[in-house]
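Count along the sequence shown from 1, then add 16; that gives the number in the working numbering.
We treat Cβ as the ideally placed atom computed from N, Cα and C, and that holds for glycine.
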Amino acid sequence: MPETRWNGEPCQARRITAVVADSPDFPMYWARHLVGTRRHVVEVVYGGETSYIDDEDGSGWHKVTNGGSPRWAHSNIAIHPGSIQPHGGHADPDKPCPHENFDAFVDVGRITRSETDTTVIGHSAEIKVTCRDCNEPFRWTGVQAGLSPRGPMCSADETELRAPLRPASADPDFGLGLPGFSVGFRPQG
Numbered sequence: 017m018p019e020t021r022w023n024g025e026p027c028q029a030r031r032i033t034a035v036v037a038d039s040p041d042f043p044m045y046w047a048r049h050l051v052g053t054r055r056h057v058v059e060v061v062y063g064g065e066t067s068y069i070d071d072e073d074g075s076g077w078h079k080v081t082n083g084g085s086p087r088w089a090h091s092n093i094a095i096h097p098g099s100i101q102p103h104g105g106h107a108d109p110d111k112p113c114p115h116e117n118f119d120a121f122v123d124v125g126r127i128t129r130s131e132t133d134t135t136v137i138g139h140s141a142e143i144k145v146t147c148r149d150c151n152e153p154f155r156w157t158g159v160q161a162g163l164s165p166r167g168p169m170c171s172a173d174e175t176e177l178r179a180p181l182r183p184a185s186a187d188p189d190f191g192l193g194l195p196g197f198s199v200g201f202r203p204q205g
């Protein structure tokens, strides 16, 4: 089970399903149209309080397994307390997960010239994929580890694809002046 955090501090979190409840305290409650339906939810216990965040698209779990910082958006959701069930997940623990459902997380970053010069000189997409049922991360194959403005590379553990990109209207050499690095492998022997 991965480490879970809220605001950078350890918390208890688990994936569940629950029936959405109304939230009369919020007149513009985002999930009012979902009241009475069952959804994927993350239960977060932090600072003695229990809260619930929507996880239908995997973003709630992504938030708590990536530090829980405000950088990752989330949607609070009210639930009927008696409706909590374990996350659908993998039914037979004695058989390998068939990996039939997935969550993909994409973070697109703007690369600026420096901390003081906010001129955008490149963009990069960081992509991670996990199995929604067993939470196993997927690894990128055939991609060298590192970071390059010239082509896709991956993190050293192969779980994050780092792909440079540019607006369709930008010149083809947009972002190519950026520095990069690569991780090499030399067999022992």
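Which residues bound the beta strand (DSSP E) around Lys111? No beta strand (DSSP E) holds Lys111; DSSP gives it neither H nor E.
Whole-Å CB distance - Thr20 paired with Gln101, under 8 Å assumed: Thr20 to Gln101, Cβ: 19 Å. No contact.
Could you check where the beta strand (DSSP E) with His78 kicks off and where it finishes? Looking at the DSSP string, His78 is not in any beta strand (DSSP E); the run it does join, the alpha helix (DSSP H), is 75-81.
Roughly how many angstroms separate the alpha carbons of His106 and Phe118, rounded to a whole number? In this predicted model, His106 has a pLDDT of only 49, less than 50, meaning its place in the structure is not dependable enough to derive any value.
If distances are taken between C-alpha atoms only, which option among Ile69, Ala120, Arg55 comes closest to Val61? Ile69
Can you tell which of Ala179, Ser75, His139, Thr66 has the C-alpha that lies nearest to the C-alpha of Arg148? With distances taken between Cα atoms, Arg148 lies closest to Ser75.
What is the rounded straight-line gap between the Cα of Gly167 and the Cα of Ser140? 10 Å
Skipping 5 residues on each side, what residues in its chain have a beta carbon closer than 6 Å to that of Ala120? Val145
Closer than 9 Å to chain D by CB, Val35: Chain labels in this structure do not include chain D; a single protein chain is all it has.
In angstroms with no decimal places, state the Cα-to-Cα distance between Leu177 and Ala161. 9 Å
Taking buried to mean at least 16 other C-beta atoms within 10 Å of its own C-beta, is Thr135 buried or exposed? exposed
I need the DSSP call for Arg48, collapsed to helix, strand or coil. The DSSP-derived three-state label of Arg48 is helix.
Separation of Asp123 from Pro112, as counted between CA atoms: 30 Å
Pull up the distance between the alpha-carbon of Asp73 and that of Thr132, whole angstroms please. 36 Å
Taking one C-beta from the segment 34-51 and one from the segment 80-88 each time, how about it: are there three or more such pairs within less than 8 Å? Cβ pair count under 8 Å is below three, so no.
Is the beta carbon of Thr128 sitting closer than 9 Å to the one on Trp156? no
Within 10 Å of its beta-carbon, does Glu25 have 16 or more other beta-carbons around it, so buried, or fewer, so exposed? exposed
Should His56 and His103 be called a contact, given that it needs their Cβ atoms to be closer than 9 Å? Yes, the pair counts as a contact, with Cβ atoms nearer than the cut-off.
When the Cα atoms are used, what is the spatial distance from Trp88 to Ala94? If you draw a straight line from the Cα of Trp88 to the Cα of Ala94, it is about 20 Å long.
State the DSSP-derived secondary structure class of Gly158, mapped to helix, strand or coil. coil
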